[in-house]
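Just so we're aligned: the sequence shown equals residues 8 to 378 in the numbering used here. Cβ atoms here follow ideal geometry from the backbone N, Cα and C, with glycine treated the same way. Notes follow once the structure below has been shown.
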Amino acid sequence: MKIRKVRGDNLRDATERVKQEYGEDAIILSSKIFEDDLNGKKIFELTVGIDSPEEKEIEEEKSAEEEEIFEEFERKLRMIHNEKNEEVVTITPAKNIPKFKPAGAGEEKVSKEDLKEVIELLKVMEVDVEIIKIVMNHLKNSKVLLTKENLSKHVLASLSSLVNTTRLNIKKSKETKVVAVVGPTGVGKTTCIAKLAAITKILHKLEVGIVTIDTYRLGAIDQLKIFSEISNIDLLVAYELKDVPEILAKFKDKDLIFIDTVGRSQRNADELKTIKAFLKKFEPDEVYLALSSTASKKNLMDVAERFKIFDYTALMFTKIDEAVAFGNLLNVSLNTATPIVYLTNGQVIPDDIIAAEPDFIAKIIYSGRLD
Ligand SMILES: Nc1nc2c(ncn2[C@@H]2O[C@H](COP(=O)(O)OP(=O)(O)OP(=O)(O)O)[C@@H](O)[C@H]2O)c(=O)[nH]1
Ligand SMILES: [Mg+2]
Numbered sequence: 008m009k010i011r012k013v014r015g016d017n018l019r020d021a022t023e024r025v026k027q028e029y030g031e032d033a034i035i036l037s038s039k040i041f042e043d044d045l046n047g048k049k050i051f052e053l054t055v056g057i058d059s060p061e062e063k064e065i066e067e068e069k070s071a072e073e074e075e076i077f078e079e080f081e082r083k084l085r086m087i088h089n090e091k092n093e094e095v096v097t098i099t100p101a102k103n104i105p106k107f108k109p110a111g112a113g114e115e116k117v118s119k120e121d122l123k124e125v126i127e128l129l130k131v132m133e134v135d136v137e138i139i140k141i142v143m144n145h146l147k148n149s150k151v152l153l154t155k156e157n158l159s160k161h162v163l164a165s166l167s168s169l170v171n172t173t174r175l176n177i178k179k180s181k182e183t184k185v186v187a188v189v190g191p192t193g194v195g196k197t198t199c200i201a202k203l204a205a206i207t208k209i210l211h212k213l214e215v216g217i218v219t220i221d222t223y224r225l226g227a228i229d230q231l232k233i234f235s236e237i238s239n240i241d242l243l244v245a246y247e248l249k250d251v252p253e254i255l256a257k258f259k260d261k262d263l264i265f266i267d268t269v270g271r272s273q274r275n276a277d278e279l280k281t282i283k284a285f286l287k288k289f290e291p292d293e294v295y296l297a298l299s300s301t302a303s304k305k306n307l308m309d310v311a312e313r314f315k316i317f318d319y320t321a322l323m324f325t326k327i328d329e330a331v332a333f334g335n336l337l338n339v340s341l342n343t344a345t346p347i348v349y350l351t352n353g354q355v356i357p358d359d360i361i362a363a364e365p366d367f368i369a370k371i372i373y374s375g376r377l378d
């Protein structure tokens, strides 16, 4: 088998290229998302195994040749050792090393039906068919014998390897870090900012400020004002673009500034452009796109596509406590080649927020449950 790397702008694009270049039989072994050093663009890379007949022949020829070399080596060793009257050492060519660990007593090998059940389960959990294929390829290529007992562990490991997460890193007393949250209406942007602001101030003892540019929705400023008074976190309101330099000057000693934006429909291109103009002035280091875990994949992909103008750096999935399937966390993250940074699991500030972890996300996807 030959190993090749294929790159694309997203999972679908990379998978299509694999099909075009190496055909349907190419096996996807692993996937990776990284940033291009030159332009910072996200790149989706698939590692594929190709097992074409010609390559098999070449491989077999090569191994016959290798075997000859080993036999020759062994003969020489025997001669030397016989001369010294010592025990013969046998060199074992690598290909003879058993690939699979034998099943232990009482362990039963997985059947086709077991794998079909996994496929059905992942479909119910709304995992994309293309991603399910990758998981199946991981299982097929497992170096360990799959048994009924260890199957779930391997599915979870495969899902976990596909989940890309990131962290909010802040260097205290260095330059101010600006984090903006964008997203459609009512997904939980403001609540999430309140949670993050409270955690970073109380737990991490950082100097935190909140700016809202949501002067549109009735009560939006009051919502944050009440929180700001209770938590003693400074809040400023940007009514117009020309307010931004003054706000930044007032918050110049902060470690962290959160920018709350007005929720807009992804279809409202003009309103999105207005938010974009504000954000451009704030020059955020991070832009989190808040997405509701309860929305359909079609809807989430539409939002993700239309919010691309904000150059979001990570995804935040809100309301996981209300969702019944979590496949979309993986689908949207892989298809947009964007890591997940936080999940929110309720209305309580600051408790109901979780830093995204691949193992946890894999677990909720596969089990469909949070506990
Ligand atoms: N169940 C649940 N409710 C949440 C979660 N996050 C936010 N909410 C609730 O969702 C509602 C909307 O939250 P907001 O934070 O105001 O949402 P937003 O995105 O700022 O809304 P707009 O600014 O109007 O676009 C509120 O009732 C929140 O308490 C969550 O993780 N789980
Ligand atoms: Mg809001």
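- For LEU169, the enclosing alpha helix (DSSP H) covers residues 158-169.
- No Cβ-Cβ contact shorter than 7 Å links GLY334 with VAL170.
- Assigned with DSSP and collapsed to three states, MET132 falls in coil, not helix or strand.
- Separation of the CB atoms of LEU146 and LEU153 is rounded to 6 Å, and the pair is thereby assigned contact status at 8 Å.
- DSSP lists THR325 as the beta-bridge partner residues of SER299.
- The segment 341-355 and the segment 314-331 touch, with three or more beta-carbon pairs separated by less than 8 Å.
- Between ligand 2 and the CB of THR197, the shortest heavy atom gap is smaller than 6 Å.
- Shown here, GLY193 sits in coil according to DSSP, grouped into three states, outside any helix or strand.
- Between the segment 255-262 and the segment 225-237, the count of C-beta pairs closer than 8 Å stays below three; the two stretches do not touch.
- Counted as a single uninterrupted DSSP element, the beta strand (DSSP E) harbouring ALA362 occupies residues 360-362.
- For GLU278, the enclosing alpha helix (DSSP H) covers residues 276-289.
- PHE234 sits in a helix when the DSSP states are folded into three classes.
- Going by DSSP, TYR349 is part of the beta strand (DSSP E) stretching over 347-351.
- Distances from the alpha-carbon of LYS179 to those of ILE240, VAL215 and THR222 put VAL215 closest.
- VAL185 sits in a strand when the DSSP states are folded into three classes.
- Only buried fits ILE356, as 16 or more other CB atoms lie within 10 angstroms of its CB.
- Residue pairing by DSSP places SER38 opposite LEU53 in a beta bridge.
- Here LYS196 is near ALA297, since their CB atoms are less than 7 Å apart.
- Taking the Cα of PRO346 as reference, the smallest distance to any Cα among THR172, ASP277 and ILE126 is reached at THR172.
- Note on SER159: under 16 other CB atoms within 10 angstroms of its CB, so exposed under the neighbour-count rule.
- Secondary structure of GLU293 (DSSP, three-state): strand.
- Its chain contains THR154 and GLU156 as the residues whose beta carbon lies nearer than 6 Å to that of GLU114, once the 5 sequence neighbours on both sides are disregarded; these appear in chain order.
- DSSP places PHE265 inside the beta strand (DSSP E), whose first and last residues are 263-267.
- For LYS12, the secondary structure class from DSSP, reduced to helix, strand or coil, is strand.
- In this structure the segment 273-284 does not lie against the segment 298-305, because fewer than three pairs of beta carbons, one per stretch, are closer than 8 Å.
- DSSP places ILE356 outside both helix and strand once states are collapsed to three, so it counts as coil.
- Non-local beta-carbon contacts of LEU377 in its own chain, meaning distances under 8 Å to residues more than five positions away in sequence, involve ILE327, ASP328, ASN352 and ILE371 in chain order.
- Taking THR222 as the centre and dropping the five residues before and after it, the same chain places the C-beta of TYR246 closer than 6 Å to its C-beta, in chain order.
- Distance from the CA atom of ASN46 to the CA atom of ARG19, rounded to whole angstroms, is 21 Å.
- Looking at ASP121, GLU124 and SER165, the one whose alpha-carbon comes closest to that of SER38 is SER165.
- Cβ neighbours of TYR319 within its own chain (closer than 6 Å, five residues either side excluded): VAL294 and LEU296.
- Here DSSP, grouped into helix, strand and coil, assigns VAL331 to coil.
- Residue range 215-219 is occupied by the beta strand (DSSP E) that includes THR219.
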